[in-house]
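Note that this note's numbering has the sequence shown beginning at 44, numbered continuously upward.
Report on one structure; see the data block that follows.
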Amino acid sequence: MESENKFGFVNFAETWNGRLAMLGFVIGLATEYLTGQGILSQIGLM
44 MESENKFGFV
54 NFAETWNGRL
64 AMLGFVIGLA
74 TEYLTGQGIL
84 SQIGLM
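Written out as structure tokens, the structure is:
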């Protein structure tokens with residue numbers, strides 16, 4: 044039995060990449076909602 048590769052363009056890596064991207068997006072939206080500022084304002088670019 045071969046172990047599945049966990050790096051590169053494989054289903055395992057792409058699934059976790061998608062999950063973490065969705066988590067980051069939701070955290071970004073929640074931060075904007077709670078602070079009343081957009082991301083660019085928060086990091087001082089506007």
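A virtual CB, placed ideally from N, CA and C, is assigned to each residue, including glycine.
In this structure, the alpha-carbon of residue 50 lies about 35 Å from that of residue 87. In this structure, the straight-line span from the alpha carbon of residue 62 to that of residue 78 is close to 24 Å. In this structure, the beta-carbon distance from residue 67 to residue 75 does not fall below 8 Å. In this structure, the straight-line span from the alpha carbon of residue 54 to that of residue 71 is close to 26 Å.
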